[in-house]
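This note's numbering applies: residue 83 is where the sequence shown begins, and numbers increase by one. Working notes, beginning with the structure itself.
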Amino acid sequence: MSFLLAIAGRNLLRNTSRTVITGAAVLFGVGLSILGWGLVAGLDENVLRAARTTYAADLLLRPDGYPTDGLTYPLADAAPVPAELAALLDDLGPWTARTAFAAKLVNGSDAQRITVWAYDGERDPLVFPRDGWKVQGRWPTPGANELAVGHSLARLLALEEGTDVVLQTRTRDGAINANNFRVVGLVRSDNAALDNLGAWLEFTDAVPLALLGDARSHLSVRLRGDHAEAASRLAGKGFQTSTLEQECEDLLALNRIRRKSLSIVVGMIMLIAAVGIANTVIMAAFERVREVGTLLALGMRRRDIRVLFMLEGGVMGLSAGLMGALLGGGAVAHLQRKGIDLSSAVDTLGGSMAMSTMIYTQFSWGVVGVALAFGTTVSVLAALWPATWASRIVPADAVKAD
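Dropping the structure here:
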C-alpha cells in the first residue's frame, strides 16, 4: 500500500496546476460547509439567548387567550396572577411579572409608536441578569415618573439622559391617557426588537398611566428543574405556558431552512468537485496508458491498478479537504470567540426581530469530521469509474499506444 501511495503522490505532482484547480472545489466545499453550519448553529444560539435574557427566560406564561404573536399587546387580555399560581412559580424558580402595552412616545414634534414593558424593579433582575446589557445612565426610580428607552429608539427621537417626553397610551378600559416622563437611561439590551422600539417603566409609574391595576401580561420563569414537568404543573392555572424553544420556533424554523439551503449549495459544489476529480483521473489514465500497461506486464494486479487511481482521487480530496477544514474550522473558532457585531447594521436598518445583535458561531469537531469525511468520500467515489477503466487496459495494446 505504501508503494501505491508513493506512486499516487508522484502522479498528482506531475500536473500541479490541474491538481490544484480540481482540489480547490473540494477545499471550498469542505470549508464552506464547516463555516455555514457553524454560523447557522450560532444563529440558533443567538435567537435563544436574545429571548432568554430579555423577555422569555426559560418559561414564559401569558393569560389564557392572550396573543402569542409577539406583535400585539392588548391590555384588556392581561390578567391578575392568582395566589395559587404565584406560590407554584415560587417553587419552580425565580420569576417576575411584566405587562406590555402599546404607547406613543412624544418628544416635541416627533413621535413614535413603541412597546412599553412595565416591570418589577426588585424581581426583574433576578430573572434577567443585566450583566450583558449596556445602560447609559441608570434604571428608573419607582414613583419618579422616569423611564428607560432602547438606544436605537433614543437615536431616532434624539433622546438623551434628562430629556422630558410625553407617553400616551390607551388605558385598560380603553380611555386615552398621557403623562410626562423623564428619560434616565438609554439601554442596549442585545435584543434588536427592544432596542429599536422598547421602553421600560416601573409598575409604580405604569399602573396610573395605563390603569393596569394588578393585571399582568407576561410571567417569565428561570427554572430550576425540567421544562416539561413545570409546564404540566402549570396547566389549568389561567395562564398558557411556552418554553423558550416554542417561543422562538418561527426563527428556529427559518434557520432550519437555511440549513437545507446550505446543504444544497454544498452538495452542488461537491458535485462539481466530483466531476473535476473524475475528469482529472481519467485524463491521467489516458496520459499513462503505456505506464499502466507496463505495470500490468510486470505482474501488478488489475485490482492494484484500480486502487492506485482511487488513491490518487482520495489523496487529492483528503489534502484539499484538510486545507478546507483548517480554514473553515479556524474561521468558526475565531468567530466563536470574537463574534460578529451586527449592531451597526441593525441601527441603520432598524427592525423588530427579537434577536441579538452579536452572533457567535458554534465550533464542533463533529461537523469538521463529517465535512472532511464527506469531501474525501466524494473524491474516492468520483475516481471509481476512471480507476475501473484504467484497470481494464490490455497490456499488449498499451505498449503499442502512442
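Don't be surprised by glycine CBs; every beta carbon is placed ideally from N, CA and C.
Cα-Cα separation, residue i to residue j
i	j	result
Arg-315	Thr-323	10 Å
Leu-249	Lys-186	6 Å
Ala-274	Asn-128	11 Å
Ala-313	Thr-135	20 Å
Ser-271	Trp-177	19 Å
Ala-236	Asn-261	18 Å
Val-217	Gly-421	21 Å
Gly-318	Glu-204	28 Å
Leu-143	Thr-150	10 Å
Cys-330	Met-350	31 Å
Leu-121	Ile-339	13 Å
His-233	Phe-456	46 Å
Ala-200	Leu-333	26 Å
Met-352	Leu-125	25 Å
Gly-214	Asp-423	14 Å
Arg-212	Ala-257	34 Å
Leu-241	Glu-311	45 Å
Asp-173	Leu-153	31 Å
Leu-408	Asp-206	44 Å
Glu-394	His-416	33 Å
Asn-500	Met-440	For the chain, the structure presents residues 83 to 484; residue 500 sits outside this window and is missing.
Same chain only: Cβ atoms within 8 Å of residue i, ignoring 5 sequence neighbours per side
i	result
Arg-474	Arg-384
Leu-157	Thr-181, Phe-183, Arg-252, Thr-253, Arg-254, Ala-292, Leu-294, Ala-297, Ser-299
Ala-356	Val-460, Ser-461, Leu-463, Ala-464
Leu-431	Reliability fails at Leu-431, whose pLDDT of 49 lies under 50, so the model's placement of it is uncertain and no value is given.
Gly-320	Pro-145, Asp-146, Ala-161, Pro-164, Leu-167
Arg-341	Trp-119, Val-122
Thr-245	Asn-189, Arg-264, Val-265
Glu-243	Gln-218, Gly-219, Val-265, Val-266, Gly-267, Leu-268
Leu-380	none
Other residues of its chain near residue i: CB distance less than 7 Å, five sequence neighbours each side excluded
i	result
Thr-197	Tyr-155, Ala-182, Ala-184, Leu-279, Gly-280
Leu-326	Leu-130, Ala-133, Arg-134, Ala-138, Asp-140
Thr-458	Gly-396, Gly-399, Leu-400, Gly-403
Gln-418	Tyr-442, Thr-443, Gln-444, Phe-445
Arg-195	Ala-184, Lys-186
Leu-239	Leu-187, Asn-189, Asp-192, Gln-194
Arg-220	Val-266, Gly-267
Glu-369	none
Close Cβ partners of residue i (< 6 Å) along its chain, the five nearest in sequence each way excluded
i	result
Ala-453	Val-112, Ser-115, Ile-116
Gly-175	Val-303, Arg-304, Leu-305, Arg-306
Leu-344	Gly-118
Ala-193	Lys-186
Pro-469	The displayed chain sequence assigns Ala, not Pro, to residue 469. Answer for Ala-469: Arg-388, Phe-391, Met-392, listed in chain order.
Ile-485	Limits of the chain in this structure are 83 at one end and 484 at the other, which puts residue 485 out of reach.
Asp-287	Asn-227
Residue i and residue j closer than 8 Å at C-beta
i	j	result
Trp-467	Ala-367	no
Leu-377	Ile-364	no
Val-247	Val-188	yes
Val-209	Val-269	no
Asn-227	Phe-285	no
Val-445	Val-414	The identity of residue 445 in the sequence shown is Phe, whereas the question assumes Val. Yes.
Leu-229	Leu-283	yes
Asp-202	Ala-179	yes
Leu-109	Gly-448	no
Gly-358	Thr-98	no
Anticipated Cβ contact below 8 Å, residue i with residue j, distance rounded
i	j	result
Pro-145	Ala-123	Wrong, their Cβ atoms sit about 35 Å apart, outside the cutoff.
Gly-411	Val-450	5 Å
Pro-222	Val-266	6 Å
Leu-301	Leu-171	7 Å
Contact test: residue i Cβ vs the ligand GTP heavy atom, cutoff 7 Å
i	result
Arg-237	This structure does not include the ligand GTP; it has no bound ligands of any sort.
Give the list of continuous alpha helix (DSSP H) stretches no shorter than 4 residues that lie fully inside the stretch 317 to 363. For secondary structure counted as the alpha helix (DSSP H) over 4 or more consecutive residues, the stretch 317 to 363 holds these complete runs in sequence order: 326 to 329.
Extract the residue ranges of the alpha helix (DSSP H) inside the stretch 234 to 309, only unbroken runs of 4 or more that lie entirely within it. Runs of the alpha helix (DSSP H) inside the stretch 234 to 309: 274 to 279, 285 to 292.
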